[in-house]
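In short: position in the sequence shown from 1, add 10, done, that's this note's numbering. Okay, so here's the structure we're looking at.
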Amino acid sequence: MSIHIAARPGEIAEAVLLPGDPLRAKFIAENFLAGAVQYTAVRNIFGYTGAYRGKKVSVQGTGMGIPSISIYANELFRDYGVKRAIRVGTAGSIRENIKIRDLVIAMSASTDSGVNSIRFGGRNFAPTASFNLLKTAYDTALAKGWLPQVGNVVCSDMFYTEDPEEWKLWAKFGALAVEMETAELYTLAAKYDREALTILTISDSLVSHEATTAEERQISFTQMMEVALETAVS
Ligand code: HPA
């Protein structure tokens, strides 16, 4: 047991999917994993272990934002020896050519968060995906006939920013989408010498102000899950 996860040693797989929403973790366990068993419900942030294509995979909710995912990623890497962590989440597009429902793979993550300036004493660290996981995910998506967008995402500490046009600066420098967890996940994977990847579906667009319907979210969610699970067991 770690402070925030009630699993016993060995109950969490080496490969873990990380949705922000704990009910999403439950949904993934019930619909994509065989024989899933719940190992934690501390704070109602659920975690399950089951099998995909006969290989052990876990799915752990992380909550929203850097402080929350930081707690779960630290404990998964440090206390449970997790080797591959794949975040499956949603993001807001900040590019005209990236539409709602599109699949985005985060190669790197910029951030407005203070965590890495604190951690590195004012120096800049560049949170980067595992090339191995990224290549596998990209190739898997292509093989299924889907073309993911791959690049830099913005990991923001604020969903509701003071300046609603703040995203435009990031977009000017080529960032693809905004979310709230990846910079910390990639930094911690680097710290513990593990592999991490973030796969996102675009749920809304800061450019066009469109948002996905529940049905559209379901289709793109299933695509993201297939890519994430194939990558997890590869
Ligand atoms: N901002 C931050 N995180 C998000 C967004 C957004 O617009 N959409 C989905 N996750």
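Cβ coordinates follow ideal geometry from the N, Cα and C atoms, glycine included.
Query - Backbone secondary structure at residue 211 - three-state DSSP - result: Strand, per DSSP.
Requested in this report: Mind reading off the beta-carbon distance from residue 192 to residue 208? Whole number of angstroms is fine, and I expect it under 8 Å.
Outcome: With a Cβ gap of about 4 Å, residue 192 and residue 208 count as contacting.
**Prompt:** Is DSSP giving residue 138 helix, strand or coil here?
**Reply:** Residue state, collapsed to three classes: strand.
*If you count every other CB in all the chains shown that lies within 10 Å of the CB of residue 185, and 16 or more means buried, which is it?*
Residue 185 comes out buried.
* Asked: What's the C-alpha gap between residue 169 and residue 66?
  -> Each residue's Cα considered, the two are about 34 Å apart.
Which full runs of the alpha helix (DSSP H) of 4+ residues lie inside the stretch 155 to 230, going along the chain?
Taken in chain order, the complete alpha helix (DSSP H) segments of 4 or more residues contained in the stretch 155 to 230 are 177 to 182, 192 to 202.
Expressed to the nearest angstrom, what Euclidean distance is found between the alpha-carbon atoms of residue 26 and residue 132? Here the alpha carbons of residue 132 and residue 26 stand approximately 31 Å from one another.
*Quick one: what's got a C-beta closer than 6 Å to residue 16's C-beta in the same chain, skipping five residues either side?*
Within the same chain, residue 16 has close Cβ partners 50, 52.
For residue 65, which three-state DSSP category applies? In the structure shown, the three-state DSSP call for residue 65 is strand.
* **Beta-bridge pairing of residue 94 - partner residues as DSSP gives them** => In DSSP, residue 94 forms a bridge with 25, 205.
query: Candidates 214, 13, 115: which alpha carbon is nearest residue 55's?
result: Residue 13 is the option with its Cα nearest to residue 55.
| field | Residue of 206, 177, 92 minimising C-alpha distance to residue 144 | value | Comparing Cα positions, the closest option is 206.
Practice prompt. With a threshold of 16 other CB atoms inside 10 Å of the CB of residue 35, please say whether the residue is buried or exposed.
Written response: It is buried - the Cβ of residue 35 has at least 16 other Cβ atoms within 10 Å.
What I want to know is whether the C-beta of residue 114 ends up closer than 8 Å to one or more non-hydrogen atoms of the ligand HPA.
No - the ligand HPA has no heavy atom lying nearer than 8 Å to the Cβ of residue 114.
- Give the DSSP-derived three-state secondary structure of residue 146 in the structure shown. If DSSP states are grouped into helix, strand and coil, residue 146 belongs with the helices.
message: Mapping the DSSP letters down to three states, classify residue 79 as helix, strand or coil.
response: Here residue 79 sits in helix by DSSP.
### Task
Name the one or two DSSP bridge partners that residue 114 has.
Bridge partners of residue 114 according to DSSP: 159, 210.
Next on the checklist: Is it buried or exposed, residue 159, if we count other Cβ atoms within 10 angstroms and call 16 or more buried?
Outcome noted: Classified as buried, residue 159 has 16 or more neighbouring CB atoms from the shown chains inside 10 Å of its CB.
Measuring from the CB of residue 224, is there a heavy atom of the ligand HPA at a distance below 8 Å?
When distances are taken from the beta-carbon of residue 224 to the heavy atoms of the ligand HPA, even the shortest one reaches 8 Å or more.
Minimum C-alpha distance to residue 151 - residue among 217, 113, 138: Selected option, being the one with the closest Cα: 113.
DSSP three-state label for residue 16, please.
In the three-state reduction of the DSSP assignment, residue 16 falls in the coil class, being assigned neither a helical nor a strand state.
I need the straight-line Cα distance from residue 105 to residue 182, nearest angstrom please.
Linking residue 105 to residue 182 through their CA atoms gives a straight-line distance of about 9 Å.
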